[in-house]
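Numbering of the sequence shown is given in our numbering, commencing with residue -10 and proceeding in unit increments.
We put the beta carbon where it would ideally sit given N, CA and C, even for glycine.
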Amino acid sequence: MAATNVAPDGGAVNAARCLYYGGMQLDDFAYDLPRELIADRPLARRDAARLLVIPVAGTVVDRHVADLPELLRPGDLLVVNDTKVIPARLIGRRGDATVEVTLARDLGGGAWQALAKGARRLKPGDRLTFADDLAAVVAKKSGEGAVALHFDREGDALRDALRRYGAMPLPPYIKRPRGGDASDRSDYQTMFARREGAVAAPTAGLHFTPALVAALAARGIDTVAVTLHVGLGTFLPVKADDPREHQMHAEWGEVDAAAAARINRTRDAGGRIVAIGTTSLRLLESAADEAARVREFCGETKLFILPGYRFRAIDLLLTNFHLPHSTLMMLVAALAGLDRIKAAYAHAIAKRYRFFSYGDACLIERPA
């Protein structure tokens, strides 16, 4: 049975890349994880995180992120995501009731899509007050806690207000007091962060330090940046029994002409493209043409990668461990193979790796 991915323009991606295994079910992407293996805090030294190397063939290998200069080759190119997380979580009042909202997508003109706790009590026209000088009106409600808000300011004025009153939008499995923790302002931001717009961090990039990047460069391994503004869709579980029925949320991304040219030159010279995180991978795959050339790209992508997908743009992926039943678990299963990724995750659990956003990482090699 075949299905199609959704391309950035809404059209169907070439069917040769989108033939999925028949009979796939949501529970194929399940695993049991002890709660104590979920990392609530990052390591003090980011590149000290453990790294599970998953080759195409042979056994997995336990290393550390700091070992990357040894694990990669001169001439390889790391592609990082330079998006910057905004403090998108706000605590406010609707009359006497407390309301918590997490901004999800900038619609322009002071309008935002958001997720709201207790959204069933909200109705269009309600005024939410977050501070004496920051408020919004509920413009619309939709399913699963989603609301559209219209703020009393926009652009730089709204971003300044978010920096004053907002908290970092940590995933729900990381527990923090209401209002957040000041340390997350720096902990939940990569060293590459330049362009504001994400409401979730590209967490594979959290492992990098200036010293590690310098060591990679000394080995002849360069770095290039692209931008994908991560949305809250990354936190939403897949609920359909058949994963092919899941609707991906759109995310905005950009691969500029200079980055595309560097990536293509690297491949032409025999170097490998190492995607740092699933966000970089999805953006590069969205920008790749049928000849596996990465094009200049600017716009939205809804690319949903499931087992059977034919990768074109990348050779290796460095990524954190992902939640069961998530679209990202499906993506790494597409890259490594479902049985292989589940065996690797079982190994990581047995070896007490740290999981999810602040946890350890794995390096997955793409089969030829």
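In this structure, the beta-carbon distance from Val74 to Tyr177 falls below 8 Å. Look at Leu111 here: in three-state DSSP terms it is coil, with no helix or strand label. Around the CB of Thr268, 16 or more other CB atoms lie within 10 Å, so the residue is classed as buried. Taking the Cβ atoms as the reference, Leu292 lies roughly 6 Å from Glu274, within the contact range of under 8 Å. Shown here, Leu292 sits in coil according to DSSP, grouped into three states, outside any helix or strand. Under the three-state reduction of DSSP, Ile330 is assigned to helix.
Following the DSSP letters along the chain, one finds Leu159 in no alpha helix (DSSP H), marked with neither H nor E.
Between the alpha carbons of Glu285 and Ala276 lies a distance of about 7 Å.
Per DSSP, reduced to three states, the secondary structure at Leu66 is strand. For Leu317, there is no enclosing beta strand (DSSP E); the enclosing alpha helix (DSSP H) covers residues Thr316 to Ala325. Secondary structure note for Gly144: its alpha helix (DSSP H) is the uninterrupted segment Gly144 to Tyr154. DSSP links Gly242 through a beta bridge to Leu217 and Gly288. For Leu32, no beta strand (DSSP E) segment is defined, and its DSSP state is neither H nor E.
Taking the C-beta atoms as reference points, Phe18 is found nearer than 8 Å to Met319. Bounds of the beta strand (DSSP E) holding Arg52 are Val50 to His53. Within 10 angstroms of the beta-carbon of Ser346 lie 16 or more other beta-carbons, which makes it buried.
Asn309 has Ala350 as its beta-bridge partners, per DSSP. In this structure, the CA atom of Gly12 is about 47 Å from the CA atom of Arg82. For Val202, the enclosing alpha helix (DSSP H) has its first and last residue at Pro199 to Ala207.
With fewer than 16 other CB atoms across the displayed protein chains lying within 10 angstroms of its CB, Arg183 is exposed.
The segment 41 to 56 makes no contact with the segment 259 to 267; the number of CB pairs closer than 8 Å stays below 3. Under the Cβ criterion (8 Å, minimum of three pairs), the segment 52 to 63 does not count as touching the segment 157 to 172. For Lys106, the pairing in a beta bridge is given by DSSP as Glu89. Excluding residues up to 5 positions away in sequence, Leu41, Val42, Ile43, Ala333 and His336 lie with their Cβ nearer than 7 Å to the Cβ of Val49 in the same chain. Contact annotation, Arg35 with His196: C-beta distance approximately 5 Å; criterion of less than 8 Å satisfied. The straight-line gap separating the alpha-carbon atoms of Leu305 and Ala125 is approximately 43 Å. For Met157, the closest C-alpha among the options Tyr298, Leu92, Ala150 and Arg174 is that of Arg174. Scanning Ala264, Ala206, Ala339 and Leu138 for the CA closest to the CA of Pro191 turns up Ala264.
In the structure shown, the three-state DSSP call for Thr212 is strand. Setting aside the 5 residues that flank it on each side, Asp211 is surrounded in the same chain by Leu66, each with a C-beta closer than 6 Å to its C-beta; the list follows chain order.
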